[in-house]
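Chemist: Provided herewith is a single structure, encoded as structure tokens, for subsequent inquiry.
Residue numbers (the working numbering), protein chains in the order written: chain A, 3 to 522; chain B, 3 to 522.
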């Protein structure tokens, strides 16, 4: 029987938020920088060496044995991470075992899910899994949007996920950490071995705070497994599996920049904007993802930097061959890498101590004494929709379906300048709306929208508006851009929703910024 | 007024332990692997980015300002670390400021103290500092032994210190972390800069669990300070000081092996023993400190390894030029370094990713899911005294004075074979006793005593006894060795103690293994 949501509060971005989600009290978003946490970090039980083999051998025969020894039972929270991306074989295996053991009502707490996890649909249907708290891409999102998941999904940013673990909002019973290299003690990394993905930062919080921690690898080395991105001192069991992932789906051989002229235009306009407004300067920093457009932005940045004979102090990444080239050419002093997208990224991380692996703790956790996302001069992000107040959506499409995760998107909004290069419409559906389907980020944090028909600057960024005036950039108001799109595509029709809430969208501080309703 | 200790329990090694130390209930040592902690790790307050500058600038003008902003007040616990060894200028400065502000009754919680901290004696006298919980070498130890410290000292091993912080046995109010390299955000390391000491592992727990964390450096770099051995996300304030340490006292230019023929003999006998008993074999691991004898042991090991054409999987260090040579020659695959003793150690750590910096968490914490000290095949340690049951002392001299810290000594006892190369007597005082002055480590963990007149093997190590039989090693019983010494030096007289307890010696699990009494 699903939860009734009948007491609602309007939160600081005007969205109606229920009193509980999954029968737990939630806090509505209170505005930027308003909610201050009280209380203390989650405190795991104190372990003792007495309970662990003095030779450091924590190896058990199978993942099943490890899960049973970890006390797998109904209602538990099981975490996995997404470093294997669409090549992950572990999460599916975990729930195959749960099903086999007739365990019910699990909460799956992945750092992200991928199309390969479609495999879990039957378990969501039969109640093995109650709900997913994590991103829901593609088919899982559709399933959730149609109201078929028993519990309510909860989506968090990468930083918000660390925050939730650290603060005890989510208590992980069993963390299963897949690693491309490990030793029997549980020291592990993602940088060596055939299933290498670069690093294991997304699993850090899980290792530190979960009650039981299982490390699974297809590549065991004698102690010490170095670097120990995951420290065996947090690990309970280690498991050897023949195959933990499909390498070509874990990581691409090489990342390629977009060939789409539309996207290239957006990328070039973005780089021109950064140049004209003085953002590209000696010692600056930037973050550009591995999406086609963002990738191209970095390439345009590199060109401009060469011309100006300047270098960036650091690039925050999603690393790839283009960024690695910039590092090796000396255009970038450091890559602070959150996840590695291609083989060149992995090689560079193996070889170059200026290619630094990070975690959501160092980069994104809002409940710490600062994090470095806010030091980044400029970040280039995507969005599915933006509204007239620059509020943006990154999880649902305009048809109401929940099809994407938040990733680091919310965390990156704290960068000094946030630019969204987006087409004015997609499939003849305008991207700039009166209201976005789902608010994932408040407009106060979004500075610039770059479209193929002009650039809109958030009115609160008077400094950028002034600088842009002196350029030949095509600056328009966001309202003008919206009207242009509607002239071409017509005003979009409203979507029909059911009343049922199928997902909650958390803000970086653990409050709820929006909810997603069932599509009917 | 000092604490009355009048209710005593006999602990598992036969020592009488009071009910409280510094008015806090303590747990007597219960035997090896007997005491299991209950409860949860210490949970620090949840911070929020809201309270920290979004540019990551945490710089304040002076250490005084940082201490005031951290809320320094009477009765607080202030931690510092000892990476600057006898060249440290920070701890003294902290208490100069406390004195200036008329703060009283502080608990100083250093990871170790050095002769340079003699400067603090007046503050111990006038009550600025109530007590030291940490090692007390030389003059501070004498001061403490004479009953002049207001509170009771508590000595912990490096691992025990991490355990105490993690478990909340010691709640640190303000941690002051000196670093040879830092950025404004508080990322810091000990590997770069003129005050480099290699790493900051001893300050890791302090950064993770202290209420307020201050990073002090004489070498600020723009973000990011990499490697971030201390993560700025844990740091509240950063302070630039012109001079944080005296480089030549922080680290020696080069470490030199002993020229003493007596010590060289002990070192050679130790290496011969390891060879004859099969401990030196391909893929083995060892730990030898930077003391004269231990250093020489490593050099003898190297010779034997070259002859056998084998290599060690790892050396646990205290790194120095000899170990670095072994790493670079390929005799050792990894150095797992806890502290760096010379410039070659620092260079190697900067250059070689197989020279790994560790912390008391990964290496020594007994309240974790294992630690790697127990994987080490053989460890060479010192001792001031050993008794007939192989119980050993490392903190007091036979005259009763508390003159040394525990360091990693207790933690290293968990190695697979523990060897103490010690002279049979020092200054005509026999080292093997009926009873040691202070028990720091239970005899069950100590396997071999190497003296210039023969080697004693703990009877429980039947395997080693068997192997040694086949060698030409001069094996004796520990009783025989004791009697030989007494024949030469006479039976030592008993020392006279007062009743007052001046220090408690913690075991790695937080229980009290012994106490030290005032010398009269």
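Just so it is clear, CB atoms sit at the ideal spot from N, CA and C, and this is done for glycine as well.
Small disclaimer: the values here were computed from a predicted structure and weren't measured.
Using 10 angstroms around the beta-carbon of residue 1/A, count the other beta-carbons present and answer buried if the total reaches 16, otherwise exposed.
Modeler: Outside the displayed range of chain A (3 to 522) lies residue 1/A, so it cannot be described from this structure.
Chemist: Could you check whether the Cβ of residue 231/B sits closer than 8 Å to any Cβ belonging to chain A?
Modeler: For residue 231/B, the answer is no, since every Cβ of chain A falls outside 8 Å of its Cβ.
Chemist: Please confirm whether residue 391/A has its beta-carbon closer than 8 Å to some beta-carbon of chain B.
Modeler: no
Chemist: For the beta strand (DSSP E) containing residue 502/A, list its first residue and its last residue.
Modeler: Going by DSSP, residue 502/A is part of the beta strand (DSSP E) stretching over 499 to 508.
Chemist: What residues in the stretch 329 to 347 of chain B have a beta carbon less than 8 Å from any beta carbon of chain A?
Modeler: So the close ones are 336 and 338.
Chemist: Is it buried or exposed, residue 124/B, if we count other Cβ atoms within 10 angstroms and call 16 or more buried?
Modeler: exposed
Chemist: Nearest to residue 178/A by alpha carbon, out of 137/A, 254/A and 99/A?
Modeler: 99/A
Chemist: Is the CB-CB distance between residue 400/B and residue 494/B below 8 Å?
Modeler: yes
Chemist: For the beta strand (DSSP E) that contains residue 357/A, what are its first and last residues?
Modeler: 357 to 359
Chemist: Which partner residues does residue 42/B have in the DSSP bridge list?
Modeler: 47/A
Chemist: At what residue ranges does the stretch 62 to 113 of chain A contain a whole run of the beta strand (DSSP E), taking only runs of 3 or more?
Modeler: Complete beta strand (DSSP E) runs here, min 3: 79 to 82 and 108 to 112.
Chemist: Beta carbon of residue 382/B, beta carbon of residue 272/B: below 8 Å?
Modeler: yes
Chemist: Would you kindly work out how many angstroms separate the C-alpha atoms of residue 233/A and residue 188/A, rounded to a whole number?
Modeler: Roughly 7 Å separates the two Cα atoms.
Chemist: When you compare the CB of residue 315/B with every CB in chain A, is at least one pair closer than 8 Å?
Modeler: yes
Chemist: Evaluate contact between the stretch 166 to 184 of chain B and the stretch 83 to 93 of chain B, counting only Cβ atoms and requiring at least three cross-stretch pairs below 8 Å.
Modeler: yes
Chemist: At which residues does the alpha helix (DSSP H) containing residue 363/A begin and terminate?
Modeler: 362 to 365
Chemist: Look up residue 350/B in the DSSP assignment and say whether it is helix, strand or coil.
Modeler: In the displayed model, residue 350/B falls within a helix according to three-state DSSP.
Chemist: Could you give the first and the last residue of the continuous alpha helix (DSSP H) run that contains residue 143/A?
Modeler: Run containing residue 143/A: 140 to 147, per the alpha helix (DSSP H) assignment.
Chemist: Alpha carbon to alpha carbon, what distance is there between residue 192/A and residue 199/A?
Modeler: 5 Å
Chemist: Which ranges does the beta strand (DSSP E) cover as unbroken runs of at least 3 residues, wholly within the stretch 126 to 201 of chain A, from first to last along the chain?
Modeler: 131 to 134, 155 to 157 and 176 to 181
Chemist: Here's the rule I'm using: 16 or more other beta-carbon atoms within 10 Å means buried, otherwise exposed. How should residue 476/B be labelled?
Modeler: exposed
Chemist: Mapping the DSSP letters down to three states, classify residue 17/A as helix, strand or coil.
Modeler: coil
Chemist: Quick one, which of 256/A, 9/A, 37/A and 391/A has its alpha-carbon nearest residue 297/A's?
Modeler: 256/A
Chemist: Are the CB atoms of residue 441/A and residue 483/A nearer to each other than 8 Å?
Modeler: no
Chemist: On the CB-based measure, 16 or more other CB atoms within 10 Å of its CB, does residue 33/B come out buried or exposed?
Modeler: exposed
Chemist: For the putative contact between residue 415/B and residue 445/B, defined by C-beta atoms under 8 Å, what is the C-beta separation to the nearest angstrom?
Modeler: That pair is no contact at about 10 Å.
Chemist: Whose C-beta lies closer than 6 Å to the C-beta of residue 333/A among residues of the same chain, with five residues either side of it excluded?
Modeler: 304, 307 and 313
Chemist: DSSP puts residue 290/A in a beta bridge; with which residues?
Modeler: 382/A
Chemist: Can you have a look at residue 22/B and say buried or exposed, based on whether 16 or more other CB atoms are within 10 angstroms of its CB?
Modeler: exposed
Chemist: Determine which residues of the stretch 35 to 50 of chain A have a Cβ less than 7 Å from any Cβ of chain D, and write them out in chain order.
Modeler: The displayed structure is made up of protein chains A and B, and chain D is not among them.
Chemist: Alpha carbon to alpha carbon, how far is residue 54/B from residue 81/B? Give it in angstroms, no decimals.
Modeler: 22 Å
Chemist: Once DSSP output is grouped into helix, strand and coil, what is the label at residue 516/B?
Modeler: strand
Chemist: Given that a residue counts as buried once 16 or more other Cβ atoms are within 10 Å of its Cβ, and exposed if not, what is residue 436/B?
Modeler: exposed
Chemist: Please confirm whether residue 140/B and residue 112/B have their CB atoms less than 8 Å apart.
Modeler: no
Chemist: Taking the alpha carbon of residue 97/B as the reference point, which residue from 85/B, 134/B, 61/B and 86/B has its own alpha carbon closest?
Modeler: 134/B
Chemist: Listed from N- to C-terminal order along the chain, which residues in the stretch 354 to 375 of chain B have their beta-carbon within a distance smaller than 8 Å of any beta-carbon of chain A?
Modeler: Here the close residues are 355, 356, 358, 363, 364, 367, 368, 369, 370, 371, 372, 373 and 374.
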